[in-house]
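Notes to accompany the following structure.
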Amino acid sequence: MPSAGIAPRRVVQLTALLAMLVFFATQLVGAVLPNVPLFIVASACGLALDLFLQHKQPGLLSLLGKIRLDVTVRQLFRDMLIVVGLLRIEGINPLHEQAPLTVGLLLFYLVHFACQAAAILVRRSRQLPFVTRNIDASALRLSEAPPRLFARQHGRRLLRLAVPSTAGLLATAATKNAVWGGVGLAIALLIGIGGTAHLATWMLPRKRVVNEAAALQWLDKWLADYKPTVGMYFSGGTTSAYQANMWLSTLSALDGKPLIVLRERFMVQKIEATDVPIICIPKVAHLMRLEHSTLKVLLHPANSGKTSQVLRIPSIKHAFINHGESDKLSSCNPYAKAYDEVWVAGPAARERYQLADIGVEDKDVVEVGRPQLAPIRPYAGVPTGALGGAGGEHFTTVLYAPTWEGWDGNPGNTSVILAGENIVRQLLADPKVRLLYKPHPMTGSVDPRAGRANERIMAMITEANGKRTGARPGPEAAAELARRAAELNRLTSTSFRPSADEIERMKLQGAPDGDRAAAVTAATAAWESAYWASLPVWEHQTITGPQPGIFACFNQADVLISDVSSVVSDYLTSEKPYAVANTSGMSEEEFRAGFPTVRAATILTPDAKGVAGLLEAVRDPGKDTLATARAELKVHLLGPSDPPSLVRFNRATQDLCDKADQRRARMATRLSDEIPSQREARDAAEEMELESSTPETEESATV
């Protein structure tokens, strides 16, 4: 359980901090007495512990920085105690031996601070006002990154260079021979000076990227040459990239020149493999340069605080496409009225916005379907499942994919807390069921009870697998999966050196070669096929990573059990049976009336007693009374199948582009109408000024 693992970890962290303080105190005692063995051991152990924590627990050491006990202060304190110890040890001449070592130690810190200054200058010179991917940005003079140890890891650099100097000084304390200290300091100084000099070469023209003004000029030129028409705008946290990734295939299939606009630098690497050009523009002032580009439409899969900044660009039309639709209130956010249009899957969402009465006018709602659902295979009749087991029976594959607990504490958000264990227990009790458990990645992030229930469910699945036996795929299946995984990884990721920084990644992730998107699609399908083939057909599975994706799980499942979420709407495109857990406290009639997505579902109560009936309806077509309702609800939620969703989505994009063109034309006409009147006013003002400055006539002069 999560809480059980947190306490021991904190105990270890506090113990490490306490040990560091003990070593400082022991070093002080050993220096003052003096006790040479105690002094040497405490000094060496203190440095070793600091080095270990720098590599293993950097976050823990950052807490010390908040109380002004950062790595520089800690190492300076150690070295000061070493100097005190050398002064107290008999046999070491303070004037002839101690003084040169002290001067050498001061030079060591001078080199450290000089290297730190050079590192700051280099880092600042290597930060462009934007980040690109899938774009040839070689004109910006992109270069490889400097060594990470000298450029970005000042704490590790100081401690590593302190190893030879500390070793030499402690050897002097043990032998009373100052030569050892001089040798250790000389080694540290040579490495520090050499590293600083090497780092400084990145300030030379051949390694230095262009300045901000030149970079922004390049951006304007690239936008003018590429001529983007439609883009996707996204801003979010580290775990929210999936909201944008689900739209990549749709964006790349649109007519025109697509573009992805991001706001957070880290998000550039969170976007999955795509051939669409990516530009991250963190500052608002630079973002406004899009106003003078050919960009006509921006699609928004999510709301964020930074969305309002781009909405200020009047020359661009904005459409909210969301990252999934459900009957939850979050699918009808009042912020939606800030967009020019709101694109939804089908009539159900249109009705939802009107019932919500949040200011979104019906004329601004456009039904486009869900084009990214194309990989989901349709219902192919009563499932035969996978053959397995001693009796040769067929397994019914059940996908349990609950959503997370949400921010509002509503008990109906997720079934994990109140019903999850009961649902899984009922499924595991059926010997002909194969369970696929795929919880939401944010489960337990708000309510610890959900996290604990999730852990217990996974433990139940592990225990159930231990009681099952059957044939397993041979080693050739694992080898094929490894081969497919390597190919997919080669296509979808870029290998970077540990020292690679933002500029080097931009250099390596330039314009893509060939149609990489099609190759990724084929490789993903091959990997998914190999993945399922590598698993025993009788074994329950817990799937917590991003792969295989939820759509791949849909295709494996004979039936879905979930909560009120977009998972249900997406699954309905297959028209296969599904169930929704009702943990809201409503009656079944109220639940069906309040949430349209569950109208064709089997409703499960928290005790999960309806699971057995659900499985019978899946296995016996005569008992499946909801097939017609699912087909009707699919159209209501996702819209018609003809024309295909991608066609409707593309048409909506082009229509909104036309509206952007019409507005630009109106503004150009208005501006041209205003220019003559402005010219006439200027001419009139000049005439008045001329008349006022005309010399008096002779007649008036004589008078």
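Just so you know, the sequence shown maps onto residues 3 to 705 in our numbering. For each residue, glycine too, the CB sits at the ideal point set by N, CA and C.
- In summary, R314 is exposed, with fewer than 16 beta-carbon neighbours lying within 10 Å of its beta-carbon over all protein chains present.
- Counting along the chain, the unbroken beta strand (DSSP E) around G233 starts and ends at V232 to F236.
- Here the region 168–178 makes contact with the region 80–89; the two share three or more CB pairs at distances below 8 Å.
- Shown here for A255: same chain residues with a beta carbon closer than 7 Å to its own, the five before and five after excluded, namely L648 in chain order.
- Cβ atoms of H302 and H320 come within 8 Å of each other, at about 6 Å.
- With a threshold of 16 other beta carbon atoms within 10 Å, D503 meets it and is buried.
- About 12 Å separates the Cβ atoms of S567 and T445, ruling out a contact at the 8 Å cut-off.
- Here DSSP, grouped into helix, strand and coil, assigns W345 to strand.
- Beta-bridge pairing by DSSP links L401 to L438 and L562.
- Beta-bridge pairing by DSSP links C282 to V133 and L264.
- For the region 510–563, the continuous alpha helix (DSSP H) assignments of 4+ residues that do not extend past its boundaries occur at 518–535 and 552–558, in sequence order.
- Nearest Cα to F152 within the set G615, P377 and L201: L201.
- A Cβ-Cβ separation of about 15 Å leaves F115 out of contact with S167 under the 8 Å criterion.
- At the C-beta level, Q311 and V270 stay beyond 7 Å of one another.
- Per DSSP, Y580 is not a residue of any alpha helix (DSSP H); the beta strand (DSSP E) it occupies stretches across Y580 to A583.
- A distance below 7 Å between beta-carbons, with the five flanking residues on each side excluded, links A275 to the following residues of its chain, in chain order: L493, T494, R518 and V522.
- With respect to the 7 Å criterion, D572 and L375 are classified as neighbours on the basis of their beta carbons.
- In the displayed model, T604 falls within a strand according to three-state DSSP.
- Between R208 and the set T241, V570 and R128, the nearest pair of CA atoms involves R128.
- With contacts defined as CB atoms closer than 7 Å, L63 and L51 fail to qualify as a contacting pair.
- In this structure, DSSP gives K319 an extended state, which the three-state scheme calls strand.
- Closest option to D257, judged by alpha-carbon separation, among H325, K229, L19 and Q511: K229.
- In this model, E457 and R451 are separated by some 10 Å (Cα to Cα).
- Within its own chain, the residues whose Cβ lies closer than 7 Å to the Cβ of A141, once the five positions on either side in sequence are excluded, are W220, listed in chain order.
- The beta carbon of S251 sits closer than 7 Å to the beta carbons of Q374 from its chain, once the five residues preceding and following it are set aside; these are given in chain order.
- If you look at E369, you'll find it in the beta strand (DSSP E) that goes V367 to E369.
- For the pair F556 and I425, the CB atoms are not nearer than the 7 Å cut-off.
- By the criterion of a C-beta distance shorter than 8 Å, E577 is surrounded in its chain by P380, Y381, A629, R632, A633 and K636, once the five residues flanking it on both sides are discounted.
- For V299, the enclosing beta strand (DSSP E) begins and ends at V299 to H302.
- Restricting attention to beta strand (DSSP E) runs no shorter than 3 residues, the region 85–136 encloses them at 133–135, ordered along the chain.
- Rounded to whole angstroms, A215 and I283 show a C-alpha spacing of 14 Å.
- When rounded, the separation of the alpha-carbon atoms in D72 and H156 is 11 Å.
- Distance from the CA of C659 to the CA of A421, rounded to the nearest whole angstrom, comes to 47 Å.
- Check the Cα spacing between D277 and each of A44, G183, G476 and N136: the tightest is with N136.
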